[in-house]
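In our numbering, the protein residues as written are 177 to 477.
Backbone N, C-alpha and C define an ideal beta-carbon position, used for all residues, glycine too.
The structure presented is a predicted model; accordingly, all values stated were derived computationally and were not measured.
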């Protein structure tokens, strides 16, 4: 089981949750239960944890990943608050995502489907159930509001796994997330995933997907501190989960268009400094954070 990246994201979500309520982008009370050694960040607090990331040369990734999480939260809740028709949320490569528990998705969403390696899901459910006195967790697992689909991405098809799952409907409008995944997959594999997905969700459904900019390789200064960009890419390789796919915005738009998806928006972390960070008094200059990833909203044609 490879879950080093998933644990890393959980660490950042825990870091964000250490901020004072008036200063944080979101609150994920479950993130600290998803990785070993979370007591260190609790002991250090928000300021000490940020200092540690700075010393290690990874400070810029904190804001990038926190903004990514908030952006997806907002896009999902935009649909939830629209209230036009019942939806289902499909989280592909869910890792230690806890949106099914921490977001107020009901009654707009009928169900949350988490799709990932069986081993990762087993570990996640075990960790969640060990959290005492959290009624939401027990209710949403026991009521099957949050459902888990184990998959071997190398051997099994997403469309077949979804269709064979009790309660899944190919007719229910869906919001699908593919967060922080495409850089780890060959482009052909991402195409296969999106092609399979299109078979089991209706037209008009929404895809929230991220990808890594080609400038990470060609012109890293466009994505933040070149040293930190390089260090981030190298660290992924060191944990056995290398980044292998990169796109320019035009390439990615054409790529998904050919697969039957229409890009509605394509943004980067820098676009959210004034929207998310500045109102909280967390003033950041571009040079202090990374913008390696793009955040895309696409509709299924």
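For a test of the three-state rule: what should DSSP assign to residue i, helix, strand or coil?
i, result
"residue 437", "strand"
"residue 209", "helix"
"residue 284", "coil"
"residue 442", "strand"
"residue 272", "coil"
"residue 300", "helix"
"residue 200", "coil"
"residue 417", "coil"
"residue 307", "coil"
"residue 190", "helix"
"residue 228", "helix"
"residue 257", "helix"
So what does residue i bridge to, in DSSP terms?
i, result
"residue 290", "267, 324"
"residue 237", "For residue 237, which the question treats as bridged, DSSP gives no partner whatsoever."
"residue 469", "388"
"residue 383", "352, 474"
"residue 423", "389"
Can you check which of these residues, the options, is closest to residue i by C-alpha distance?
i, options, result
"residue 333", "278, 445, 368, 443", "368"
"residue 422", "379, 285, 360, 248", "360"
"residue 466", "412, 392, 433, 440", "392"
"residue 301", "283, 284, 320", "320"
"residue 209", "272, 254, 249, 228", "272"
"residue 304", "204, 235, 236", "204"
"residue 236", "468, 464, 477", "464"
"residue 254", "375, 280, 180", "280"
"residue 352", "215, 382, 366", "382"
"residue 278", "406, 364, 314, 341", "314"
"residue 400", "229, 226, 234", "234"
"residue 247", "219, 448, 458, 206", "448"
"residue 329", "316, 414, 372", "372"
Quick test of your reading: residue i and residue j, contact by CB under 8 Å. State the CB separation rounded to the nearest angstrom.
i, j, result
"residue 288", "residue 276", "4 Å"
"residue 437", "residue 475", "7 Å"
"residue 419", "residue 377", "Not quite, the Cβ-Cβ distance comes to about 27 Å (not below 8 Å), so this is no contact."
"residue 326", "residue 294", "3 Å"
"residue 442", "residue 472", "5 Å"
"residue 375", "residue 318", "Contact flag wrong, Cβ pair sits at about 30 Å."
"residue 452", "residue 201", "6 Å"
"residue 178", "residue 417", "6 Å"
"residue 206", "residue 274", "4 Å"
Can you check the region 324-380 for any alpha helix (DSSP H) of at least 4 residues that lies completely inside it and give the ranges in chain order? 334-339, 363-374
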